[in-house]
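Each residue of the sequence shown is one higher than the one before, counting from 301 in my numbering. As structure tokens, the structure follows; a few thoughts come after it.
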Amino acid sequence: MRQTPGETTERATERTATASHTPPDAERLRRWRLVLGADSADSTECALTGQDAAMDGALDALYGGGTAKKPNARSTGARSAGLGASAPSVARWLGDIRTYFPSSVVQVMQRDAIDRLGLSALLLEPEMLEAVEPDVHLVGTLLSLNKAMPETTKETARAVVRKVVEDLERRLESRTRATLTGALDRSARISRPRHRDIDWDRTIRANLKNYLTLPAPDAATTAGSTGTTGATGTVVPERLIGYGRSSRSAKKDIVLCIDQSGSMAASVVYASVFGAVLASMRTLSTRLVVFDTAVVDLTDQLDDPVDVLFGTQLGGGTDINRALAYCQSRITRPADTVVVLISDLYEGGIRDEMLKRVAAMKASGVQFVTLLALSDEGAPAYDHEHAAALGALGAPAFACTPDLFPDVMAAAIEKRPLPIPDKEYQP
Numbered sequence: 301m302r303q304t305p306g307e308t309t310e311r312a313t314e315r316t317a318t319a320s321h322t323p324p325d326a327e328r329l330r331r332w333r334l335v336l337g338a339d340s341a342d343s344t345e346c347a348l349t350g351q352d353a354a355m356d357g358a359l360d361a362l363y364g365g366g367t368a369k370k371p372n373a374r375s376t377g378a379r380s381a382g383l384g385a386s387a388p389s390v391a392r393w394l395g396d397i398r399t400y401f402p403s404s405v406v407q408v409m410q411r412d413a414i415d416r417l418g419l420s421a422l423l424l425e426p427e428m429l430e431a432v433e434p435d436v437h438l439v440g441t442l443l444s445l446n447k448a449m450p451e452t453t454k455e456t457a458r459a460v461v462r463k464v465v466e467d468l469e470r471r472l473e474s475r476t477r478a479t480l481t482g483a484l485d486r487s488a489r490i491s492r493p494r495h496r497d498i499d500w501d502r503t504i505r506a507n508l509k510n511y512l513t514l515p516a517p518d519a520a521t522t523a524g525s526t527g528t529t530g531a532t533g534t535v536v537p538e539r540l541i542g543y544g545r546s547s548r549s550a551k552k553d554i555v556l557c558i559d560q561s562g563s564m565a566a567s568v569v570y571a572s573v574f575g576a577v578l579a580s581m582r583t584l585s586t587r588l589v590v591f592d593t594a595v596v597d598l599t600d601q602l603d604d605p606v607d608v609l610f611g612t613q614l615g616g617g618t619d620i621n622r623a624l625a626y627c628q629s630r631i632t633r634p635a636d637t638v639v640v641l642i643s644d645l646y647e648g649g650i651r652d653e654m655l656k657r658v659a660a661m662k663a664s665g666v667q668f669v670t671l672l673a674l675s676d677e678g679a680p681a682y683d684h685e686h687a688a689a690l691g692a693l694g695a696p697a698f699a700c701t702p703d704l705f706p707d708v709m710a711a712a713i714e715k716r717p718l719p720i721p722d723k724e725y726q727p
């Protein structure tokens, strides 16, 4: 019995039991045959031909239950595979699945191939990289292999990473800039503006409750001039709202502090893209810091997120306290600074010192945001004790999707409550 990607053993067993009650309809039998695979589908008595047979072969190479009928299979202990040991064989398989399946399915199958069959080493070969479907998870794998990558492969790897980064920028940049520009404008509004700085639309709306009805003018005069009579009114502007004065200097300082341990690969990719978008906004001063047991400031590379990504080194230990100490030392305007820590909080450094630094930054006026993950991968693994301790300090820790990140940053800039998703599941 072959399980489909992401399916549990129980579900696969239930699916097999259901098949015995399926009417002998040719199309249904064909579909069940593709789902079950050759090793478990003898009862269907359905022979596959043409493209169906090719699709079945591509699936069987990855999810098949044995290697007896796979001439190029290699032994991997408990694992089995039919992709063969050579890069050309795997490259052909990658080309096949891109022919037969949509991009979203291809990406799942690629991840499964890397995890189940140990194909990471083959990604060091240029012909392999040219055959894969680029996505965030593949970028994370390439970054983890960066130091072992031969020079002949690095340019191909950079091209793959750049394709993913450019796609993310197209998807995320417009909304991020619009959301944060609005938040910066609102945070800059002043309550005692000079006459030329008054925002009359907002001022009138804010003072509608102060509408005052004036006595009607002399009836004869009014009728002679307009032909109508009646009272008039006015809005009394008790509260003035003004535009913030334009300035060439940044209105807010943003510090992105990113954990580059191996489990944070997707978060590193998204954070690097967002860092580049934030750095391109004149009204923000953005600093990007990555860390494991050492701390690296990549701010000077923010004009190109691909350079940022290849400046990281996924894997290794974690010293959050050291990273926060560095970030704290670079803060010059606490009341106008937002620090975003992106980490699963598995601290290898001094826990109490880490918490004291967060408390000190918040006491000075810094807006502190803790993201357990910045990705679409669902609920992350994290240190619950540290997350609860940060929450007690008023810095709640939560996972954030890329689509929610602009709203989180806008709330931090405006010093509003953060839009924490699924609060009942947060520490």
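All C-beta atoms in this analysis are idealised placements derived from N, C-alpha and C, irrespective of residue type, glycine included. Since the model is a prediction, treat every value here as computed from it, not as a measurement.
Practice task
Count the other CB atoms, across all protein chains shown, that sit within 10 Å of the CB of Ala660; report buried if there are 16 or more and exposed otherwise.
Solution key: exposed
Exercise for the section: Have a look at Arg582, Pro634, Tyr511, Thr701 and flag the residue whose alpha-carbon is nearest the alpha-carbon of Val569. Expected result: Thr701
Problem - Candidates Pro515, Glu469, Arg539: closest to Asp499 by CA position - result: Arg539
Handout entry: At least 3 beta-carbon pairs within less than 8 Å: the segment 647 to 665 vs the segment 611 to 625
Key = yes
Practice task
Quick one: using the 10 Å Cβ neighbour count with 16 as the cut-off for buried, is Gln351 buried or exposed?
Solution key: exposed
Handout entry: Alpha-carbon spacing of Arg477 relative to Val596, whole angstroms
Key = 26 Å
Handout entry: Anticipated Cβ contact below 8 Å, Leu442 with Val461, distance rounded
Key = 6 Å
Practice task
Please list, in chain order, all residues of the same chain as Arg587 whose beta carbon is under 8 Å from its beta carbon, the five residues on each side excluded.
Solution key: Asp553, Ile554, Val555, Leu556, Asp597, Thr599, Cys627, Arg630
Practice task
Report the rounded CA-to-CA distance for Leu718 versus Pro515, giving the unit in angstroms.
Solution key: Roughly 48 Å separates the two Cα atoms.
Problem - Bridge partner(s) assigned by DSSP for Gly533 - result: Thr513
Practice task
State the DSSP-derived secondary structure class of Thr586, mapped to helix, strand or coil.
Solution key: In the structure shown, Thr586 sits in a strand (DSSP, three-state: E or B).
Handout entry: Close beta carbons around Leu512, own chain, < 7 Å, minus the five adjacent residues each side
Key = Gly533, Thr534, Val536
Practice task
Measure the C-alpha to C-alpha separation of Glu685 and Asp607 and round it to an integer number of angstroms.
Solution key: 35 Å
Practice task
Report buried or exposed for Ala689, applying the criterion of at least 16 other Cβ atoms within 10 angstroms of its Cβ.
Solution key: buried
Exercise for the section: Using DSSP bridges, identify the partner residues of Asp596. Expected result: It should be noted that the sequence gives Val, not Asp, for residue 596. Beta-bridge pairing links Val596 to Val590.
Handout entry: From Arg398, Tyr363, Ala326, Glu427, residue whose alpha carbon lies closest to that of Thr452
Key = Glu427
Practice task
Taking Ile262 as the reference, give the member of Pro402, Leu429, Tyr400, Ala663 with the closest Cα.
Solution key: Lying outside 301 to 727, the shown extent of the chain, residue 262 is not represented and no answer is given.
Exercise for the section: Determine the direct distance from the alpha carbon of Ala566 to that of His437, and round the result to whole angstroms. Expected result: 6 Å
Handout entry: Whether Ala483 touches Ala711 by CB criterion (9 Å)
Key = yes
Exercise for the section: Could you tell me if Ala457 is buried or exposed, where buried requires 16 or more neighbouring beta carbons within 10 angstroms of its beta carbon? Expected result: Buried, because 16 or more other Cβ atoms sit within 10 Å of the Cβ of Ala457.
Exercise for the section: Answer with buried or exposed for Gly364, where buried requires no fewer than 16 other C-beta atoms within 10 angstroms of its C-beta. Expected result: buried
Handout entry: Per DSSP, the bridge partner or partners of Cys346
Key = Paired residues: none, contrary to the question.
Exercise for the section: Identify, in the order they occur along the chain, each residue of the same chain with its Cβ nearer than 8 Å to the Cβ of Asp683, setting aside the five sequence neighbours on each side. Expected result: Asp644, Leu645, Tyr646, Glu647
Problem - Under the three-state DSSP convention, the category Val432 falls into - result: coil
Exercise for the section: On the DSSP bridge assignment, give the partners of Phe698 in chain order. Expected result: Leu671
Problem - Candidates Ala663, Glu469, Asn446, of which the one nearest Gly611 by Cα - result: Asn446
Exercise for the section: Would you mind reading off the limits of the beta strand (DSSP E) that contains Asp501? Expected result: From DSSP, Asp501 is part of no beta strand (DSSP E) but of the alpha helix (DSSP H) over 500 to 506.
Problem - Distance, Ile397 Cα to Ala354 Cα - result: 9 Å
Problem - Arg716 to Leu362 span [Cα, whole Å] - result: Cα to Cα, the separation comes out at about 49 Å.
Practice task
Please report how far the alpha carbon of Asp604 lies from the alpha carbon of Ala576, in whole angstroms.
Solution key: Distance between the alpha carbons of Asp604 and Ala576 is about 7 Å.
Practice task
Measuring only between beta-carbons, confirm whether Tyr400 sits less than 9 Å from chain C.
Solution key: Within the model displayed, chain C is absent; a lone protein chain is all it includes.
Handout entry: Which listed residue (Arg633, Gly649, Arg333, Leu468) has its alpha carbon closest to that of Lys551
Key = Relative to Lys551, the option among Arg633, Gly649, Arg333, Leu468 whose CA is nearest is Arg633.
Practice task
Would you kindly work out how many angstroms separate the C-alpha atoms of Thr670 and Ser444, rounded to a whole number?
Solution key: 24 Å
Practice task
Report yes if the C-beta distance between Val640 and Met709 is below 9 Å; otherwise report no.
Solution key: yes
Exercise for the section: Report the residue from Ala695, Leu584, Ile558, Ala579 whose alpha carbon sits nearest the alpha carbon of Leu674. Expected result: Ile558
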